[in-house]
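Just so you know, we're using this note's numbering here: the sequence shown kicks off at 5 and counts up by one. In this text, a Cβ means the ideal position worked out from N, Cα and C, and glycines have one as well. Since the structure is predicted, the reported quantities are computational estimates derived from the model, not experimental observations. Below is one structure; the comments refer to it alone.
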Amino acid sequence: DFGLAGAVTVHVASAKTKAIIGEKPTITLAAGGTLKIVSESYETVTTNAVAKSSGTASRLGVGAGISVGVFGADVFAKVANGAVIQVLNSGSIKSAEITANHTSTETLKSEAGSQGGISITPVLSLLISGARTEAMLGTSSGLLSASEDITLTAKNSTTRELGANAAAAGGKVGIGASFAISVLNDSTTAAIQRSARARNVRVSATGRSSLKSTSRAGSQGASSQSEGSGSSATSGTGTGGTSGGTPEEGS
């Protein structure tokens, strides 16, 4: 007889959060007014696949778990290239603030187990993920003048956890294999691309990304000397660090 269990989870998600003054409008502010553009996004994404072949199959037991996650996030706060910002009576605004902030947690795990005369358990966890965060004051021929501060801030904080766990218990042969694969691309940018005059001008970009990746596989098969059993297990764990952006761009 045969025992078969399989679980497949595919999760594709995209989040776009944008606060933008486009390239065509002309924005007119009163002297002493403020320019404030804020875009914020917070996400939590969880993907799991669990498969276990229950009971004992005398011939063949197969358990397979596959989790695939494709995630992307764009968070923009910007004044587009060519957008005109003018002040009545050729005066100055009080201050300008452009802020883009992104925070996310992503968890993707796969687990499978099987039993049988011949037991085979493959497990795959695949994560493809990226976050782009931008605070931008685009190009223009005009001068942006403020009596106080002009501040551009871009922040990204992303925490990811990836796991794959395979267990195979075979009366004769046990094969367990696990794979944890991640492809990541994060960017954080803050930039002023037009002339500006203010008491203080602050441009800050900070990117923090952490990854914990764990892959485990265990197998148990018959001993060559007796009806007892022998077992072996391997595991690997990798943990990514953090990165901080430069004052203008980080990733």
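Compute the Euclidean distance between the alpha carbons of Thr109 and Ile154, then round it to the nearest angstrom.
Answer to the nearest angstrom: the Cα atoms are 31 angstroms apart.
Closest to Leu92 by C-alpha separation, out of Lys82, Thr32 and Gly67, would be which residue?
Ranking Lys82, Thr32 and Gly67 by CA distance to the CA of Leu92 puts Thr32 first.
Drop a sphere of 10 angstroms on the beta-carbon of Gly213, count the other beta-carbons inside from all chains shown, and report buried for 16 or more, exposed for fewer.
It is Ser, not Gly, that sits at residue 213 in the sequence shown. Result: buried.
Taking Gln193 as the reference, give the member of Asn105, Gly76 and Gly121 with the closest Cα.
At residue 193 the sequence reads Thr, which differs from the Gln that was named. Out of Asn105, Gly76 and Gly121, Asn105 has the C-alpha closest to the C-alpha of Thr193.
Under the three-state reduction of DSSP, which class applies to Leu92: helix, strand or coil?
Three-state result, Leu92: helix.
Grouping DSSP H, G and I as helix and E and B as strand, with all else coil, what is Thr125?
Three-state result, Thr125: strand.
Below 9 angstroms between beta carbons: does that hold for Leu131 and Gly69?
Cβ distance not < 9 angstroms, so Leu131 and Gly69 don't count as in contact.
How about Ala23 and Ile41: are their beta carbons less than 9 angstroms apart?
Yes, the pair counts as a contact, with Cβ atoms nearer than the cut-off.
On the CB-based measure, 16 or more other CB atoms within 10 Å of its CB, does Ser228 come out buried or exposed?
Bear in mind that a pLDDT of 45 at Ser228, under 50, signals an unreliable position, so the number given afterwards is only what the model happens to contain. So Ser228 counts as exposed.
Between the stretch 43 to 54 and the stretch 141 to 157, do three or more beta carbon pairs fall short of 8 angstroms?
Below 8 angstroms, too few C-beta pairs join the stretch 43 to 54 and the stretch 141 to 157 to call them touching: fewer than three.
Kindly indicate which residue of Thr38, Asp190, Lys82 and Thr210 has the alpha-carbon position closest to the one of Ile25.
Lys82 is the residue among Thr38, Asp190, Lys82 and Thr210 whose C-alpha sits nearest the C-alpha of Ile25.
Simplified DSSP state of Arg206, which is helix, strand or coil
Three-state DSSP puts Arg206 in a strand.
To the nearest angstrom, how far is it from the Cα of Ser255 to the Cα of Phe80?
Interpretation of Ser255 is limited by its pLDDT of 33, a score under 50 that renders its predicted location unreliable; no figure is taken from the coordinates.
Looking at the secondary structure, which residues open and close the beta strand (DSSP E) in which Leu33 lies?
For Leu33, the enclosing beta strand (DSSP E) begins and ends at Thr30 to Leu33.
Of all the options Ala172, Thr137, Ile196 and Leu215, which has the alpha carbon lying nearest to the alpha carbon of Gln119?
Nearest of Ala172, Thr137, Ile196 and Leu215 to Gln119, Cα basis: Ala172.
Neighbour-count burial assignment, Ala34, 16 or more Cβ in a 10 Å radius:
An exposed status is given to Ala34, since fewer than 16 other beta-carbon atoms sit within 10 Å of its beta-carbon.
Between which two residues does the beta strand (DSSP E) holding Ile41 run?
Ile41 -> beta strand (DSSP E) spans Thr38 to Lys56.
What does the alpha-carbon distance come out to for the pair Val54 and Ser114?
Approximately 6 angstroms, taken between the alpha carbons.
Rounded to the nearest angstrom, what separates Thr210 and Thr21 at their Cα positions?
Spanning the two alpha carbons is a distance of roughly 18 angstroms.
Going by the CB atoms, is the gap between Ile196 and Leu147 shorter than 9 angstroms?
A distance of 9 angstroms or more separates the beta carbons of Leu147 and Ile196.
Provide the residue span of the beta strand (DSSP E) that contains Ser144, from first to last.
Run containing Ser144: none; DSSP gives neither H nor E here.
Indicate whether Gly142 and Ala77 have their beta-carbon atoms separated by less than 9 angstroms.
No Cβ-Cβ contact shorter than 9 angstroms links Gly142 with Ala77.
At which residues does the beta strand (DSSP E) containing Lys98 begin and terminate?
Unbroken run through Lys98: none, as it is neither H nor E.
Please return the same chain residues whose Cβ sits closer than 6 angstroms to the Cβ of Glu256, not counting the five positions on each side in sequence.
Shown here, the chain extends from 5 to 255; a query on residue 256 therefore has no answer.
Considering Arg198, what are the terminal residues of the beta strand (DSSP E) in which it resides?
Counting along the chain, Arg198 falls outside any beta strand (DSSP E), and DSSP gives it neither H nor E.
If you measure between the beta carbons of Ala167 and Leu112, is that distance less than 9 angstroms?
Position check: residue 167 holds Gly in this sequence, whereas Ala was assumed. A contact, by the Cβ cut-off of 9 angstroms.
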